[in-house]
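The structure appears right after this line, and notes come after that.
Put into C-alpha cells, the structure is as follows:
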C-alpha cells in the first residue's frame with residue numbers, strides 16, 4: 001500500500017533535501033496552479049469580471065496603483081484575445097507583466113510576477129499550495145481573520161488536501 005501524501009507543508013516532498021555538503025543554492029517547488037493564472041482574465045474570449053477583480057486586488061496588494069493594475073488587465077486581455085501567430089507564441093509571464101506595467105515600481109512588479117502564471121487554459125486556484133495574498137484576492141469576501149485561520153489549518157495538515165478555490169469556495 002502506498003502512503004497517501006497530502007499537499008501540506010509537512011509532506012515528504014516539502015522537507016529540505018539532506019545534502020552531504022552545504023551548497024550555495026536555494027531550491028523551492030512551486031505549483032503553477034497555486035499562482036494566479038493570467039489566462040483567467042478572459043473566459044471564452046470575454047473579460048471575466050470575477051478574475052479581473054481578483055487580479056486587481058492581488059496587484060494592488062503588491063503595492064501597485066489601482067489605475068496601473070486596471071491598465072495591465074486591459075493590456076493582458078488584448079494580448080490574450082489577439083489571434084495572430086505572434087500573439088499566441090509563448091511569452092513568459094515576466095515579460096507580459098513587465099510590458100503591461102512598464103514604468104511601474106519594479107519591486108512591486110516583481111512581487112506580482114512571483115504570484116502569477118500564464119497557463120495554456122483557464123484553471124482553478126490550488127488553495128493547498130497558494131500563498132495568503134493569492135487566496136485572499138481569489139476568494140474575495142472572506143474575512144482576513146477567517147482566511148488566516150483556514151490557511152493555518154491547511155499548513156498544519158488539517159482538512160482536505162484536494163481543495164481548489166473559486167470565489168465561493170470559502171464562504
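Residue numbers (full-length UniProt numbering): 1 to 171. Virtual Cβ for every residue (Gly too), placed ideally from N, Cα, C.
In chain order, what residues of the same chain lie with their CB nearer than 8 Å to the CB of residue i, ignoring the 5 residues before and after it?
| i | result |
| --- | --- |
| residue 68 | 59, 101, 104 |
| residue 41 | 47, 48, 51, 52, 55, 73, 76, 77, 80 |
| residue 93 | 38, 113, 116, 117, 118 |
| residue 137 | 36, 54, 55, 57, 58, 61 |
| residue 107 | 63 |
From this set, the options, which residue's C-alpha is nearest residue i's C-alpha?
| i | options | result |
| --- | --- | --- |
| residue 152 | 140, 139, 141, 127 | 127 |
| residue 134 | 61, 12, 146 | 61 |
| residue 140 | 120, 56, 93 | 56 |
| residue 63 | 113, 148, 157 | 113 |
| residue 125 | 18, 32, 17 | 32 |
| residue 123 | 22, 21, 35, 19 | 35 |
| residue 121 | 45, 19, 20, 16 | 45 |
If you draw a straight line from the C-alpha of residue i to the C-alpha of residue j, how long is it?
| i | j | result |
| --- | --- | --- |
| residue 156 | residue 82 | 44 Å |
| residue 18 | residue 65 | 43 Å |
| residue 146 | residue 97 | 31 Å |
| residue 16 | residue 25 | 12 Å |
| residue 173 | residue 148 | The chain is shown from 1 up to 171; residue 173 falls before or after that span and cannot be answered. |
At which residues does the alpha helix (DSSP H) containing residue i begin and terminate?
| i | result |
| --- | --- |
| residue 79 | 66-81 |
| residue 94 | 93-100 |
| residue 145 | 144-156 |
| residue 56 | 49-61 |
| residue 112 | 106-113 |
Only counting the same chain, and skipping five residues up and downstream in sequence, which positions put a Cβ closer than 6 Å to that of residue i?
| i | result |
| --- | --- |
| residue 130 | 34 |
| residue 99 | none |
| residue 154 | none |
| residue 20 | none |
Does the beta carbon of residue i come closer than 7 Å to any beta carbon on chain B?
| i | result |
| --- | --- |
| residue 50 | Looking for chain B here will not work: only one protein chain is present. |
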